[in-house]
């Protein structure tokens, strides 16, 4: 068990933009009142982690501060959500008539939001963040990253047990999943994990 490596990917709590189903990437929005209440009701993660990372955006820091009040939080900007550019804060209904938006919807991995970030730029950035975790693994066996939906989907598609599509994964606000490697060296070699496990919370049993 001493050689096991665990990375928990946790999505920040709900924001007002999430409630409106608006695009929110680099906009530095706080948690909403509803989002805070949901965190309180769910409680904190049952498992303990040696090292906690967030993105540099407020909603991840607020979420992590509630979940891990006694621990140092390490802000890593590489774990930001994708930048939606001119579409930040807007909904599908507000954007659906724009040709560039329709083009992006049809091919989001090859087109970028107007004045935003491409998927290739996102994964290059997130990969830098993952390399940072690998460096930290020399001293830590259990780490948690409080980040964003797009980041989590990408990392699960790349490091999940089996090869699956980006869209196959859905992590709701305030939820998380653990990636577990039976040998740390497999994690350091960037191999796929051997097990995926839902993060359990003190106020909610896994599977509920």
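In the working numbering, the protein residues as written are 131 to 338. C-beta: ideal position from N, C-alpha, C; glycine also.
- Under the three-state reduction of DSSP, residue 277 is assigned to strand.
- Spatial neighbours of residue 187 in its own chain (CB-CB distance under 7 Å, excluding positions within 5 residues in sequence) are listed in chain order as 158, 210.
- When rounded, the separation of the alpha-carbon atoms in residue 218 and residue 324 is 36 Å.
- Taking residue 207 as the centre and dropping the five residues before and after it, the same chain places the C-beta of 186 closer than 6 Å to its C-beta, in chain order.
- Residue pairing from DSSP places residue 136 in a beta bridge opposite 272, 310.
- Each residue's CA atom was taken as its position, placing residue 134 and residue 213 some 34 Å apart.
- For residue 325, the uninterrupted beta strand (DSSP E) run begins and ends at 325-328, by DSSP.
- In the assembly as shown, residue 243 is a buried residue. Its beta-carbon has 16 or more other beta-carbons within 10 Å.
- By the C-beta criterion, the region 216-232 is judged not to be in contact with the region 194-208, since fewer than 3 inter-stretch pairs fall below 8 Å.
- For residue 262, DSSP records no beta bridge to any residue.
- Taking a contact to require three or more Cβ pairs closer than 8 Å, the region 265-272 and the region 135-146 qualify as touching.
- It is roughly 18 Å from the alpha-carbon of residue 177 to the alpha-carbon of residue 263.
- Distance between residue 295 and residue 175, taken at the CA atoms: about 27 Å.
- Judged by DSSP in its simplified three-state form, residue 301 adopts coil rather than helix or strand.
- When 265, 306, 152 are compared, the shortest CA-CA separation from residue 223 is found for 152.
- If only uninterrupted alpha helix (DSSP H) runs of at least 4 residues are considered, those enclosed by the region 212-256 are 222-225, 229-236.
- With contact defined as three or more Cβ pairs closer than 8 Å, the region 239-253 and the region 158-170 are not in contact.
- The secondary-structure analysis by DSSP pairs residue 182 across a beta bridge with 203, 274.
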